[in-house]
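Engineer:
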Amino acid sequence: MIYDVPPIDHSMIHMPSQQLVVASRNTPKLPISSSIDVSKFSQKLTRRASYRSSSQCAKFVRIALQSAGANIVQHPIAASDWGRTLQQIGYQQITPDFNNPKPGDIYIIHRTKKHRYGHIAGFTGSQWVSDFKQTSYDVYNDQNVTYSYYRLAPQSSQA
């Protein structure tokens, strides 16, 4: 449940006080915006997810967002650093709504001493999914974790 690089790639070191962002050469800088198809997002998450974590939650959520139409040019590595990127692609931070999630909702668990990369997952309409099919949003079973919760902003109609 940690980040967006293969677990065997030890070439990137991430310190908790820094935000590491991956960008390709000659790509435009922010802002990023796009139209996201929630159905495609949910389908991609569900198809790719396993029943156990592979420690790549941010990668799986990013791939699902991109397959759903999100134009993500640069992105953070750690799951806990994804808030700004989500807002740039059309999500709004809202008060956590775990009792009434909507398809396409995404939550982030901020880093802790025990989980230095945090966690990110999306709601498919039936369950929370990251790199694995979760039984709950509360994957850490830790009372001290803090969350950020994001929902797609309503699309304004274009004339």
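full-length UniProt numbering numbers the first residue of the sequence shown as 1 and each following residue consecutively.
Glycine residues also receive a C-beta, built at the ideal position from the N, C-alpha and C atoms.
(1) Residues in its own chain within less than 6 Å of LYS102 by CB, not counting five upstream and five downstream?
(2) Short check: CB of VAL61 to CB of ALA78, under 9 Å?
(3) Nearest by alpha-carbon distance to SER67: which of PRO154, GLY104, PHE98, ARG84 is it?
(4) Tell me where the beta strand (DSSP E) around GLN143 begins and ends.
(5) Looking at the structure shown, is ARG151 part of a helix, part of a strand, or coil, going by DSSP?
(6) For TYR149 and ASP97, what's the separation of their Cα atoms in angstroms?
(7) Could you pull the start and end residues of the alpha helix (DSSP H) that PHE60 belongs to?
(8) Ignoring anything shorter than 4 residues or poking outside the region 79 to 128, list the alpha helix (DSSP H) runs there in chain order.
(9) Quick check on ARG151: buried or exposed, where buried means 16 or more other Cβ atoms within 10 Å of its Cβ?
(10) Return the CA-CA distance between VAL38 and PHE132, expressed in angstroms with no decimal places.
(11) Hey, quick one: how far does the alpha helix (DSSP H) through GLN43 stretch, first residue to last?
(12) One question on the structure: do ILE109 and TYR51 come within less than 9 Å of each other, judged by their Cβ atoms?
Structural biologist: In short:
(1) In the sequence shown, the residue the question calls residue 102 occupies position 102. Excluding residues within five positions, none has a Cβ falling inside 6 Å.
(2) Counting from one through the sequence shown, the residue named residue 61 turns up at place 61. Counting from one through the sequence shown, the residue named residue 78 turns up at place 78. Cβ atoms of VAL61 and ALA78: not closer than 9 Å.
(3) Indexing the sequence shown from 1 puts residue 67 at position 67. Of the listed residues, the one whose Cα sits closest to SER67 is GLY104.
(4) Counting from 1 along the sequence shown, the entry for residue 143 is found at position 143. Secondary structure note for GLN143: it is in no beta strand (DSSP E), with a DSSP letter that is neither H nor E.
(5) As a first step, residue 151 must be located in the sequence shown, where it is residue number 151. DSSP places ARG151 in strand when its eight states are reduced to three.
(6) Position 149 of the sequence shown, counted from the first residue, corresponds to residue 149. Position 97 of the sequence shown, counted from the first residue, corresponds to residue 97. The alpha-carbon atoms of TYR149 and ASP97 are separated by roughly 8 Å.
(7) Along the sequence shown, one-based indexing puts residue 60 at 60. Segment 57 to 67, the alpha helix (DSSP H) holding PHE60.
(8) Segments of the alpha helix (DSSP H) lying fully in the region 79 to 128: 83 to 88.
(9) Here the question's residue 151 lines up with position 151 in the sequence shown. With 16 or more Cβ atoms within 10 Å of its Cβ, ARG151 is classed as buried.
(10) Taking the first residue of the sequence shown as 1, we reach residue 38 at position 38. Taking the first residue of the sequence shown as 1, we reach residue 132 at position 132. Spanning the two alpha carbons is a distance of roughly 18 Å.
(11) The residue labelled residue 43 in the question sits at position 43 within the sequence shown. Residues 38 to 48.
(12) As a position in the sequence shown, residue 109 is number 109, starting the count at 1. As a position in the sequence shown, residue 51 is number 51, starting the count at 1. Cβ atoms of ILE109 and TYR51: not closer than 9 Å.
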